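Here the sequence shown stands for residues 84 to 769, numbered as in my numbering.
Written below as structure tokens is the structure these notes are about.
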Amino acid sequence: MTVSIISENGIAVVTIDNPPVNALSQALRQALVEAVAKLDADAAVKAVVLICAGRTFIAGADVSEFGKPPQPPHLPDVVATIEGARKPWVAAIHGSALGGGLEVALGCAWRVAVASASLGLPEVKLGIIPGAGGTVRLPRLIGPAAAVELVTSGSPVDAKKAEGLGLVDAVIEGDLLAGAIAFANGAAGKTRPEPISSRAVAPVEAGFWEGAEKAVAAKAKREAAPLRALASVRRASETDFASAMAFERETFLDLRGSQQASALRHVFFAERAAPRPPELAGITPRDIRSAAVIGGGTMGAGIAAALRDAGLPVILIERDAAAVERGLANVRAIYDGSVKRGRMTQAIADARMAGVTDSGDYGLLADTDLIIEAVFEDLSVKRAVFEKLSVVCRPDAVLATNTSYLDPDAIGEGIAHPERFLGLHFFSPAHIMKLLEIVPTGTTAPDVLVTGFALARLLGKIPVRAGICDGFIGNRILKVTRAQAERLLLSGATPAAVDAAMRAFGLPMGPFEAQDLGGLDIAAFQRKAARERGEMPFAPVADRLCALKRYGQKTGGGWYDYQPGDRAPKLSDTVAAIIAEAAESRAQRAWDEAGIVDAILLPMVNEATCILEEHVALRAADIDLVKIHGYGFPRWRGGPMHYAEGRGLSEVVAVLDRLAADGLAEPPSDGLRRAAKAGGFSVLAG
Ligand code: 3H9
């Protein structure tokens, strides 16, 4: 880390260089305080420009310090020192001024930014609130309503919007440093604005805070930070600066040590580590400048849209003219939906569609860099696709299968140049869901595997490497979730009670509601295939429902009944009777919410431990990312593995032992017992 100071013609330029994102480490905080003292003492300096080297302005406090006791100088004091400096400081912003970075900028007399810069207080996304005056200075600068929006959403605004809010004093065209120096020169002769800390907060309309509280609570659900952030802005608007700062700091420190903050930090670092697995460091990916998708069903169309959204030209191949037309209509429906929801303009949607070439002719793929197969889940159909691709594609083109349940090694048998083949498992809807499971086969070359990760970065997805097994990581765990949900039904719980308990835990939907939405037929089809392989999948109630063609919402009934045109689940007497019949002679018990959650979640963790032991997943954090980004697991719980470690693995083992003794779960695996002894999953990681 370096902080350098150069002075010329009365303007000092303080340049922070603390890669990768100029985070406010203890050393940087110290250096900033020293810079203020030094420049205050320099009679030749009229004003100071604060600028950063590298890709961004200060992106915030150093999150890696949050697990440790805070070290002085504390950031609120650093900001106060800059605000109280005898020479006025100008923050010159490029990249992102986030969290503590924006708070430092709020200590400056003025803020200027390039048009591409973004500014925000994302602390709530880390389970905390701003801790260096963000909630106190912001309402004094831009008014309470705009401050509430920025602080409780955590979403940044761009420089133009920031200028409109009064958060930025000037948007600089051209070179930032030259523009900031010119601004400082112009400002040096003028009256310095009143420090933000001394300003009054604009009054709000009657009922404003009550309305804001309702809106924030509804959005935050069980996350604590947004409401606490709102309370801090409110306090800052209703009391003096010093008391508001004390309230903010106290809330910040309280939340910093909370379970939610620790979980969200875990996810923050897991997400940043995911695109760059250390075991693949130094390997150069292949260039991907064009792509094709084989199969224009729901999955194929979603993948095509994801590729187009990342700027790649896409060829969509289907088997005949009618299927080509249907495929194209599926992609168009995605973009029509985006326009309708206000996510993009018609012009952008048209441009995305214009980049899709639809055809039945494999010959068009002769020079395509990446081809993703998303046809029907049938081994011979998929093999036939790759046979054709082997003939027409360049030998270095990357070929991928989007299979969910088939063995990629079997699909790839006989492929020409098998080293360029791998599994890329998208989740539906593929243009929205963030998870991408990357599945190397026995023959995938390292640079092809790395290309999968590079593609994920390009598409804005979270990549997780998964080994080959039935269902890879996510769907293998999902099978356990569903089996446990049925075990609960056979031992006295109702579908509604199970769904309610899982929603209360933080999932957007319970396992039965989710099946009714997605359709029970896909899993039934997979169970049939598994039985043909000699396996014995456990789904006594779902099997009976499927025999009655109760496939979910689309057939007017599944685990619940549905009225035509109404998605609200109604309790079903038919289902209750089927459960009673299936449960006959089994011991019944009363289940409370915590018991239901344990009976579903801890067996998932047990299965995940096997997945780790078999090196199907390389890291426990990868499993957390799979569940969060593919299955709606609450981010603020940190994922199932983080949750289990927080709970204590010995307790997890004890609960599983008790469930297993009653025939309600598999016993804890040897790996889980070992992890419990070692106090964490890292002992199993690959
Ligand atoms: C805060 O400020 C609290 C204060 O109110 C109160 C204080 C008292 N700390 O995302 P990238 C690392 S809370 C430590 O891939 P990009 C990251 O781990 C903070 N490390 O880059 C990665 O490391 P590696 C509020 C951080 O260009 C590398 O930088 N601020 C931090 O795609 C590159 O990251 C935030 O929440 C950090 N704060 O995006 C901002 N940030 O290379 C969080 C990043 O070893 N950061 N790293 O894997 C971001 O949103 C993005 O990093 C940013 C750049 C947009 C800045």
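The C-beta atom is built at its ideal place from N, Cα and C for all residues, glycine as well.
In this text the structure is predicted, and so the values were computed from the model without any measurement.
Give the straight-line distance between the Cα atoms of residue i and residue j, rounded to the nearest whole angstrom.
i: L771; j: K760; result: Lying outside 84 to 769, the shown extent of the chain, residue 771 is not represented and no answer is given.
i: V128; j: A270; result: 13 angstroms
i: A744; j: V240; result: 55 angstroms
i: K611; j: S463; result: 17 angstroms
i: S473; j: E496; result: 11 angstroms
i: I773; j: V97; result: The displayed coordinates of the chain run from 84 to 769. Any statement about residue 773 would go beyond what the structure contains.
i: F339; j: A346; result: The amino acid occupying residue 339 in the given sequence is Arg; Phe does not appear at that position. Roughly 11 angstroms between the two C-alpha positions.
i: I165; j: P278; result: 10 angstroms
i: P620; j: F149; result: 45 angstroms
i: G713; j: G754; result: 25 angstroms
i: A180; j: V251; result: 11 angstroms
i: R282; j: M427; result: 39 angstroms
i: I386; j: A374; result: 10 angstroms
i: A245; j: L202; result: 7 angstroms
i: G729; j: G721; result: 10 angstroms
i: E814; j: E690; result: The structure shown does not extend to residue 814, since the chain is modelled only from 84 through 769, so no value can be given for it.
i: Y418; j: K653; result: 33 angstroms
i: A748; j: A242; result: 54 angstroms
i: A727; j: I94; result: 55 angstroms
i: R220; j: S280; result: 6 angstroms
i: R138; j: P361; result: 23 angstroms
i: P501; j: A430; result: 41 angstroms
i: N105; j: E288; result: 39 angstroms
Does residue i come out as helix, strand or coil in the three-state DSSP assignment?
i: A364; result: coil
i: H508; result: strand
i: D452; result: coil
i: D656; result: helix
i: L181; result: strand
i: V766; result: helix
i: I211; result: coil
i: A663; result: helix
i: I605; result: helix
i: I176; result: strand
i: R633; result: coil
i: R426; result: coil
i: L233; result: helix
i: L747; result: coil
i: A130; result: strand
i: D644; result: strand
i: D553; result: coil
Just curious, the beta strand (DSSP E) that residue i is in, first and last residue?
i: E91; result: T85 to E91
i: L399; result: V397 to I400
i: V439; result: V439 to S442
i: C476; result: Here C476 belongs to no beta strand (DSSP E), and DSSP marks it neither H nor E.
i: D100; result: I94 to D100
i: I545; result: I545 to R548
i: C629; result: Premise fails: C629 lies in the alpha helix (DSSP H), P623 to A630, not in any beta strand (DSSP E).
i: I377; result: A374 to I377
i: E520; result: L518 to P523
i: S201; result: S201 to G203
From which residue to which residue does the alpha helix (DSSP H) around residue i run?
i: D419; result: A404 to K423
i: T600; result: The residue you asked about is not Thr; residue 600 is Leu in the sequence shown. Here the alpha helix (DSSP H) through L600 covers P594 to G601.
i: S69; result: This structure does not reach residue 69, given that the chain is present from 84 up to 769, and the question cannot be answered.
i: C693; result: E676 to E696
i: W292; result: F291 to A303
i: R259; result: Just to set this straight, residue 259 is Leu in the shown sequence, not Arg. L259 to A271 is the span of the alpha helix (DSSP H), which, as asked, contains L259.
i: V162; result: L158 to E166
i: V709; result: A703 to Y714
Is residue i buried or exposed, if buried means 16 or more other CB atoms sit within 10 Å of its CB?
i: N92; result: exposed
i: Q671; result: exposed
i: G365; result: exposed
i: H698; result: exposed
i: T534; result: buried
i: I371; result: buried
i: D160; result: exposed
i: T334; result: buried
i: K151; result: exposed
i: P523; result: buried
i: F555; result: buried
i: S147; result: exposed
Within 8 angstroms of any Cβ in chain B, is that where the Cβ of residue i sits?
i: L250; result: Within the model displayed, chain B is absent; a lone protein chain is all it includes.
For residue i, is the beta carbon positioned less than 7 angstroms from some heavy atom of the ligand PLP?
i: R355; result: Absent from the structure shown: the ligand PLP. Ligands present: the ligand 3H9.
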